[in-house]
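Engineer:
Residue numbers (our numbering): 18 to 332.
(1) Between the Cα of residue 272 and the Cα atoms of 301, 229, 162 and 243, which residue gives the shortest distance?
(2) Quick one: what's got a C-beta closer than 8 Å to residue 239's C-beta in the same chain, skipping five residues either side?
(3) Within the continuous beta strand (DSSP E) that includes residue 283, where are the two ends?
(4) Quick one: residues in its chain with C-beta nearer than 6 Å to the C-beta of residue 122, no 5 flanking neighbours on either side, listed in chain order?
(5) Let me check understanding here. Comparing Cα to Cα, which of 215, 245, 135 and 113 lies closest to residue 79?
(6) Does DSSP classify residue 314 as helix, strand or coil?
(7) Can you look up residue 42 in the DSSP assignment and give me helix, strand or coil?
(8) Using beta-carbon positions only, say whether residue 276 and residue 223 come within less than 7 Å of one another.
(9) For residue 264, collect the residues of the same chain with a Cβ closer than 7 Å to its Cβ; drop the 5 residues on either side in sequence, then sort them by chain order.
(10) Taking the alpha carbon of residue 300 as the point to measure from, which residue in 103, 125 and 83 has its own alpha carbon closest?
(11) If you reduce the DSSP assignment to three classes, tell me which class residue 155 lands in.
(12) Looking at C-alpha atoms only, which residue of 76, 331, 46 and 54 is the closest neighbour of residue 69?
(13) Three or more beta-carbon pairs under 8 Å between the region 138-157 and the region 167-186, yes or no?
(14) Could you spell out where the beta strand (DSSP E) holding residue 194 opens and where it closes?
(15) Would DSSP call residue 269 helix, strand or coil?
(16) On the three-state DSSP scale, how would you describe residue 331?
(17) Under a three-way DSSP split, which group does residue 204 fall into?
(18) Enumerate, from N- to C-terminal direction, the unbroken beta strand (DSSP E) stretches of 3 or more residues contained entirely within the region 43-109.
(19) Please classify residue 306 as buried or exposed, where buried requires at least 16 neighbouring CB atoms within 10 angstroms.
(20) Would you kindly work out how many angstroms separate the C-alpha atoms of residue 85 and residue 133, rounded to a whole number?
(21) For my contact list, residue 64 and residue 71 are in at a C-beta cut-off of 8 Å; report their separation, rounded to the angstrom.
(22) Excluding five sequence neighbours on each side, which residues of the same chain lie with their C-beta closer than 6 Å to the C-beta of residue 118?
(23) Helix, strand or coil, according to DSSP, for residue 133 in the structure here?
(24) If distances are taken between C-alpha atoms only, which option among 249, 91, 99 and 97 comes closest to residue 109?
(25) Which residues does DSSP pair with residue 170 in a beta bridge?
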């Protein structure tokens, strides 16, 4: 799956620099020592891996498909510290599973992505993760404290194809439009839904290949009000060069042909937007990670977004 990253791309570094190799090794040894002590005290004999994680299979499924690199995986989970304090829980199977792509950088905590290689569709795994593969030195109020080893129960519910994800998102979008009695949205051939709020100054230059269009914008997840990314200042707008190969597909489609003062709102499926971004558990720490410079992707993976923009000018 091709990835496109926003005006804000990602580089999650819960880790360390080369200058701190010695400190890293000490952290790894500390985390492993604490886990081994926990196993001995509780008579636990988990599977050990070369990746630094330990796990037990609670439920097996010999007929399930093995999870492999590049798979889109839906899970239910519960994340606790090794001493039992709850960090996050998503176990209600009447709700859709939460999704991530099984590849490098697919999840935070990283250990969830790592253990996926040892699981099949339909299996439940109890994962013991050292802190350096969990949240490492990150903290978030009383919820997450630095250098805590984790115990994570994961049910690997389903492996999805890209086509299945597109169909699920299309259904979610149409249900959102119907439930909220939204009118005026038209579906494009690509699969996004567009509402023209204002036509703008049609006598002024239009956004064409090679031209720079400057906009204010906001992006939010479907069914959520709070923007996850926005530029609201007309004196310092965001700018896009039409025809640039680095443009996210929906940006090119929506902005091309617009003039000054045009305003639009669009509901965009993830395959036309930012696709397989890093999935963060719990959801509530994502914006804090961005603010602290540990993550540059504000948008969750495999979810439609609402994009609203107003054209400041075209040059």
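Yeah, the Cβ is synthetic: ideal placement off N, Cα and C, and Gly gets one too.
Structural biologist: Taking the coordinates as given:
(1) Position 255 of the chain shown, counted from the start, is the residue given in the question as residue 272. Nearest option by C-alpha distance: 229.
(2) Stepping through the chain shown from its first residue, residue 239 is reached at position 222. Result list for residue 239: 189, 190, 193, 284, 320, 321, 322 and 323, in chain order.
(3) Locating residue 283 in the chain shown gives position 266, counting from the first residue. 280-285 is the extent of the beta strand (DSSP E) around residue 283.
(4) The residue given as residue 122 occupies position 105 in the chain shown. Cβ neighbours of residue 122 beyond the five flanking positions: 295.
(5) Taking the first residue of the chain shown as position 1, residue 79 is located at position 62. Answer by Cα proximity: 135.
(6) On the chain shown, position 297 is the one that residue 314 refers to. Coil at residue 314, not helix or strand.
(7) Locating residue 42 in the chain shown gives position 25, where the first residue counts as 1. Taken through DSSP and simplified to helix, strand or coil, residue 42 comes out as helix.
(8) Position 259 of the chain shown, counting from 1, holds the residue named residue 276. Position 206 of the chain shown, counting from 1, holds the residue named residue 223. For residue 276 and residue 223, yes; Cβs fall inside 7 Å.
(9) Residue mapping note: residue 264 aligns to position 247 of the chain shown, counting from 1. Same-chain partners within the cutoff: 257.
(10) Taking the first residue of the chain shown as position 1, residue 300 is located at position 283. Of 103, 125 and 83, the smallest CA-CA separation from residue 300 is found for 125.
(11) Reading the chain shown from its first residue, position 138 is the one you call residue 155. Correct three-state label for residue 155: coil.
(12) Position 52 of the chain shown, counting from 1, holds the residue named residue 69. Minimum Cα distance to residue 69 is reached at 46.
(13) Result yes; three or more Cβ-Cβ pairs closer than 8 Å.
(14) On the chain shown, position 177 is the one that residue 194 refers to. No beta strand (DSSP E) holds residue 194; the alpha helix (DSSP H) holding it covers 179-196.
(15) Reading the chain shown from its first residue, position 252 is the one you call residue 269. In the structure shown, residue 269 adopts helical secondary structure according to DSSP, grouped into three states.
(16) Within the chain shown, numbered from 1, the residue matching residue 331 stands at position 314. In the displayed model, residue 331 falls within a strand according to three-state DSSP.
(17) Working through the chain shown from its first residue, we reach residue 204 at position 187. Residue 204: strand per DSSP, three-state reduction.
(18) Here the runs fully enclosed are 71-76, 89-98 and 103-107.
(19) Sequence index remark: in the chain shown, residue 306 carries index 289 (1-based). Label assigned to residue 306: buried.
(20) As a first step, residue 85 is located in the chain shown; it is residue number 68 there, counting from the start. As a first step, residue 133 is located in the chain shown; it is residue number 116 there, counting from the start. Pairing residue 85 with residue 133, the inter-Cα distance amounts to about 8 Å.
(21) Numbered from its first residue, the chain shown carries residue 64 at position 47. Numbered from its first residue, the chain shown carries residue 71 at position 54. About 7 Å; that satisfies the 8 Å criterion.
(22) Taking the first residue of the chain shown as position 1, residue 118 is located at position 101. Here the set comprises 89 and 293.
(23) In the chain shown, residue 133 corresponds to position 116, counting from 1. In this structure, residue 133 counts as helix in the three-state DSSP scheme.
(24) Reading the chain shown from its first residue, position 92 is the one you call residue 109. Scanning 249, 91, 99 and 97 for the CA closest to the CA of residue 109 turns up 91.
(25) Indexing the chain shown from 1 puts residue 170 at position 153. Answer by DSSP bridge pairing, in chain order: 95 and 143.
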